[in-house]
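Counting with mature numbering (1 follows the signal peptide of the UniProt record, and there is no 0), you get residues -19 to -1, 1 to 373 for the letters of the sequence shown.
Structure record follows, encoded as structure tokens.
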Amino acid sequence: MKKHFLALVAITAFGVTQAQEYNKWTVELGGGVNKPVAEMSAGYATSTPSFWTADLGVRYMFNNKFGLRLAGGYDNFQGGDNSRKFDSNLWNINLQAVANIGRALSFETWTSDLGLLAHAGVGYGQLRSDAFSSADQVAFGVAGLTPQLRISNRVTFFGDASVYLNARQQNTFDGFSRTSRRGIQGVKFTGTIGLSIALGKHGKHADWYSEESKVKDIQEQIAGIENNLSDLKDQVAAKQNKMNDANGNNVPDEIENYLNDNFAKNGQVSTAMTSKDIASDLIKKGYISVYFDFNSSQPQISSTWAADFISKYLTENKGASVHIVGYADELGGVNYNQSLSLSRAEAVKRLLIDTGIDASRITTEGRGEDTSVNKKSPRARQIARRATFELK
């Protein structure tokens, strides 16, 4: 039965993963150096490399292998140490296709944090310089490679090396002469580093998603379920042992032991305390508690005696009232457990009201997670999932 259950879970998990639950959008910002190699006027040249180049883009991946990138860029060209002085700028906008080479070459089989993208496309730019009056309209093609280093599922550090091949460029990069070549009239290399930020609600971006990781995720889910089943087995054992009643008098053995140890001697009940005092002492010291199953606000059947004990105490003591405090274990979110603890207290309140206790005599409170027990122990967590009583 367990194997069939786990197989069903694996099939379900595989189907959910097929829904491509990964982020597809990134915003990318990079900066670095450039080197224009053609054409330059005689006596003019930039340093090698030359600062600055900047790039800002938005990328969308159709799947974990292919996508599109829309970006804008800026280059500044200035004369180097052995060059005549000049200062020109090139602004551009471009659209490129992106291929995830890392996934195509199965990088995931040997690394989970290194990637490689290839990109190529076309764009439009304007070259501006004080050496000529109006902007030089430039059309270009661009191609490059982008190594990646994943910092987190949201943030990736990248480097990029690209080559730009300009057409319809009328002026040299320095701006002091006209281009003389036909066809490709300008060639420029850029090198940048930067960060890409993944956008979306999922834990992983398409750049890092793979079939290998999908199988690993399913295996981890199954392992988690197996651990939960093991915990459940321990919890059932704990529940079965929760109320031991050796003599069959419907009073839990731990309560009888407490009475025998504290209020009886040589078979005679001490007269120093009344039955009211004894009951009150049991309640105040936490011997009377209602327990709950994991992630449940319904009292365990074996705990109904505790609610009955409180009901009888309130019935016999008309001036008494009770404050019910609910708790949860440390599994799950803090906010969820806070709400669950209050629901448990409210459930016990409804049970007492159903036994005839007036609602005005009952208050409730959720105190969230009980951190006093070892959260790695299934049986200790069972003890944490409870509602206790405070007399007022």
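By construction, the Cβ of each residue, glycine as well, lies at the ideal position given by its N, Cα and C atoms.
All values reported here derive from a predicted model rather than from experimental measurement.
Roughly how many angstroms separate the alpha carbons of residue i and residue j, rounded to a whole number?
i, j, result
"ILE259", "TYR268", "11 Å"
"ASP94", "THR285", "54 Å"
"ARG84", "TYR41", "16 Å"
"GLY24", "ASP36", "29 Å"
"ALA368", "LEU295", "17 Å"
"ILE132", "ASP351", "35 Å"
"ASP274", "ILE334", "22 Å"
"VAL168", "ASP62", "21 Å"
"LYS246", "ILE291", "Low local confidence applies: a pLDDT of 48 at LYS246 is under 50, so the model's placement there is unreliable, and no value is given."
"ALA340", "ARG366", "24 Å"
"VAL354", "LEU130", "41 Å"
"SER191", "GLU89", "7 Å"
"GLY337", "SER320", "26 Å"
"ASP262", "LYS330", "21 Å"
"VAL30", "GLY313", "The question names Val, but residue 30 in the sequence shown is Pro. If I take the Cα positions, the gap works out to 54 Å."
"ALA287", "LYS257", "16 Å"
"ILE343", "ARG360", "29 Å"
"ASN134", "HIS183", "9 Å"
"LEU98", "THR127", "5 Å"
"THR27", "LYS66", "9 Å"
"LYS357", "GLU311", "9 Å"
"LYS46", "VAL119", "31 Å"
"VAL144", "ALA124", "6 Å"
Which word fits residue i, buried or exposed, when buried means at least 16 other C-beta atoms lie within 10 angstroms of its C-beta?
i, result
"GLN249", "Its pLDDT being 49, under 50, GLN249 is placed unreliably in this model, and the value from its coordinates should be taken loosely. By the 10 Å Cβ count, GLN249 comes out exposed."
"ILE264", "buried"
"VAL136", "exposed"
"ARG362", "buried"
"PHE58", "buried"
"ASN316", "exposed"
"ASP141", "buried"
"GLU297", "exposed"
"PRO17", "buried"
"SER22", "buried"
"THR153", "buried"
"LYS373", "exposed"
"THR160", "buried"
"SER278", "buried"
"GLY48", "buried"
"VAL271", "buried"
Assuming residue i and residue j make a contact with CB atoms under 8 Å, what is their CB distance in whole Å?
i, j, result
"ASP117", "ASP68", "At roughly 15 Å, the Cβ-Cβ gap does not stay under 8 Å, so ASP117 and ASP68 are not in contact."
"GLY13", "ILE174", "6 Å"
"GLU327", "THR345", "5 Å"
"GLY181", "LYS5", "7 Å"
"VAL79", "ARG50", "5 Å"
Based on the DSSP secondary-structure assignment, which residues constitute the bridge partners of residue i?
i, result
"HIS100", "VAL79, GLY125"
"LEU323", "The partner list for LEU323 (beta bridge, DSSP) is empty, contrary to what the question assumes."
"SER31", "ASN15"
"HIS304", "THR344, GLU371"
"VAL39", "VAL8, LEU51"
"ASN147", "PHE121, GLY167"
"GLY172", "VAL14, ALA142"
"residue 379", "No answer is possible for residue 379: the residues shown for the chain start at -19 and end at 373."
"GLN363", "GLN363 is not bridged to any residue."
"TYR105", "ILE74, ALA120"
Using a beta-carbon distance below 8 Å, is residue i in contact with chain C?
i, result
"VAL168", "Absent from the structure is chain C; it holds one protein chain and no more."
Given the structure, does residue i come close to the ligand COA, in the sense that its CB is under 7 Å from one of the ligand's heavy atoms?
i, result
"TRP286", "Of ligands this structure carries none, so the ligand COA is not represented either."
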